[in-house]
Structure formats: C-alpha cells, structure tokens
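Heads up: the sequence shown is residues -19 to -1, 1 to 244, going by mature numbering (1 follows the signal peptide of the UniProt record, and there is no 0).
Below is one structure, written out as structure tokens; the observations come after it.
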Amino acid sequence: MIRAVAGLAALSAAVLLQAAEPLPRLEVPHTARPPVIDGDLSDPAWAGAAVIRGLRPALGCSYWDAVDREPTEVRLLWDERFLYIAFSCTDRDIVADPGLKRDGDVYEADACEFFLDVSGEGKEWFELQVSPLNQVMDTVSSFTGGPGGCTDTLRIRPELLETAYRTTRAWNAAGLRSAAGKLVCGGRVIGWTVEFAFPAAAVNLTAWKPGGLRMNFVRYNHGFTTADAEKRFSCWSPVQHGCPHISPAAMGRVFLKERLLVR
C-alpha cells in the first residue's frame, strides 16, 4: 500500500512538473500560393510551411516509444481567407468507421484534432476532428469560470464543468475544406494524411491577420491493444489524458507572421 501511494505521488509530481513547462510556440508563414486541399501533401506549397515534428504523450505519461514508433507531423500556413493545416500520421494499423456521420464520435477511431482560441482568453474555442476517411466533427465551447477556473494541469476544474462550461456540435465550420489521403513510402502505405483549410469566416472574422492565436494539435491512434489504450493520445501542448477539449489554458501560442513583400 505504501509503495502504491509513493508511486501515485511520484506520478502526480511528474504531471505537475510537466504542466509547469512553458507553452509551445510556433511562427506560421503567410503563403501567396495556398496548397490544394486534396489529401496529397506533396504540393510544393507545404515546403514553406511551419512544421511541428512529433507530438507528445499526455501529462505524466511516458509512452514515448509508441509516439516515436508512429510519429505525427503537422504543417501550417495562412493567408487572409484560411488557416492551412496538414497532419501526416505514420500508422501501421489505420482504424476508421465507414458508418460515421457528420459530428459523430470521430475520436473513437483514428483521428486528427485541431483546437483554436482566437482571442486567447480561454472564453471561447473551436474544435475540429477529421478521420482517415475525411469524416468531420466540429464544435464550439465556452467557459465563464474566469482565470482561476483551471487546475494545475490547466484543465477546467471538475466542479465548474456543469455550471461554467458549455459545448455544442450544432456549430459547423462554414466554408471548411478538408481531405484525407494515404501516406506512401516506396509504393507501400505507411500511414494517412489529413489537410484542411479553416476559414476566417467560420469564426466570424472578415480575414486572418498577422498576430497571435492559441492552438493545440492532437492525434488519436487506435492501433494499439486494449492494455495500451492510453498510448492512443498525443498532443502538441501536453494536457491531462483525455482532456484536450476542456484545457483551453494549455493551448500553445501560434503567431501568424507578416506577409513578405516582393519588390
């Protein structure tokens, strides 16, 4: 019993230590020639994108071997109309549900997930999930609990979920363009891809502009045994396992860079 308590205390300390790390940051270049959204990431436009090479396990988890064995790469570009985001997922066992409808539980199979907080205040954020079959779930969430409403791991306090947190799948990202494809190497399928163009109009903006946003990127990988279930979850800015949707304060900082003027 003493050994179990000591182990739990060590895990809790590891979680808090990891949660105290600085939030990740990324600068995203403007593009004058946006990529074609067709699931094929060989488009030359992606060569100039910002790149996140590898996602991380959830807070307090140590399954780096699984994350490294089937890595994820995320690329980002922007112009005034869209944020362009591409996921490349190495995956030996692609899991998808052909019967899934719009706004179904995409995360119950393999999925890539994108979170966006436009104001950066943790009051309203948008979520988009896309499957290997290009099935989409999109939601909008809000929180009125204030800056003290989060735990040390930056998730919303459990006691505030009923009173200060709201989420709905009734919202759809109007004008969203998305596509999925296969990741191929040497003529062999080694994974899958997702790319999408997320419009400014979907979040009631007239245009994207240079400046800061808050984002997180998550992957659900269901190609593991039941015993390895926790290994299904990896993210750019680590959050408590299974809680990215209620962790707005944990989102990383993304900066849309000024457009380069060619003379």
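Positions of the beta carbon are idealized from the N, C-alpha and C atoms, including for glycine.
If you're wondering where the values come from, they're calculated on a predicted model, not measured in any experiment.
Start and end residues, alpha helix (DSSP H) containing residue i
i	result
Val144	In the sequence on display, residue 144 carries Thr and not Val. Its alpha helix (DSSP H) spans residues Leu142 to Ala145.
Arg83	Premise fails: Arg83 is in no alpha helix (DSSP H) and is neither H nor E.
Whole-angstrom distance between residue j and residue i, CA atom to CA atom
i	j	result
Arg150	Gly167	40 Å
Gly101	Glu239	19 Å
Cys131	Trp217	19 Å
Ala181	Phe63	6 Å
Ala154	Asp119	7 Å
Gly92	Val48	One point to set straight first is that residue 92 is Ala, not Gly, in the sequence displayed. For Ala92 and Val48, the distance between alpha carbons rounds to 15 Å.
Gly192	Arg6	13 Å
Glu105	Leu97	9 Å
Asp133	Thr125	18 Å
Asn197	Cys224	12 Å
Arg34	Asn185	31 Å
Of the residues the options, the one placed nearest residue i, counting alpha carbons only
i	options	result
Ala39	Ser215, Ala231 and Ile227	Ser215
Val117	Gly127, Val87, Glu140 and Arg136	Val87
Pair within 8 Å by beta-carbon distance, residue i and residue j
i	j	result
Val9	Ala31	yes
Asp78	Ala90	yes
Arg200	Leu36	yes
Phe179	Leu157	yes
Endpoints, beta strand (DSSP E) assigned at residue i
i	result
Trp45	Run containing Trp45: none in the beta strand (DSSP E); it sits in the alpha helix (DSSP H), Trp45 to Arg50.
Pro180	Arg169 to Pro180
Ile66	Phe63 to Thr71
Tyr201	Gly192 to Tyr201
Chain-order list of residues whose beta-carbon lies under 6 Å from that of residue i (same chain, five-residue window excluded)
i	result
Ser228	Leu135, Arg136 and Val220
residue 266	An answer regarding residue 266 cannot be provided, because it is not within the stretch -19 to 244 covered by the chain.
Val175	Phe68, Cys93, Val111 and Ala161
Neighbourhood of residue i by C-beta, 7 Å cutoff - its chain only, sequence neighbours within 5 removed
i	result
His203	Val76, Ala90, Asp91 and Arg213
Residue i Cβ short of 7 Å to the ligand NAP heavy atom set
i	result
Val117	For the structure depicted, the ligand NAP is absent and the ligand set is empty, with no information on it obtainable.
Cutoff 8 Å; reference residue i; Cβ partners in own chain excluding five residues on either side
i	result
Ala(-11)	Residue placement at Ala(-11) cannot be trusted, given a pLDDT of 42 that sits under 50; what the coordinates show is reported in the next sentence. Excluding residues within five positions, none has a Cβ falling inside 8 Å.
Asn115	Gly20, Ser159, Ala160, Ala161 and Val175
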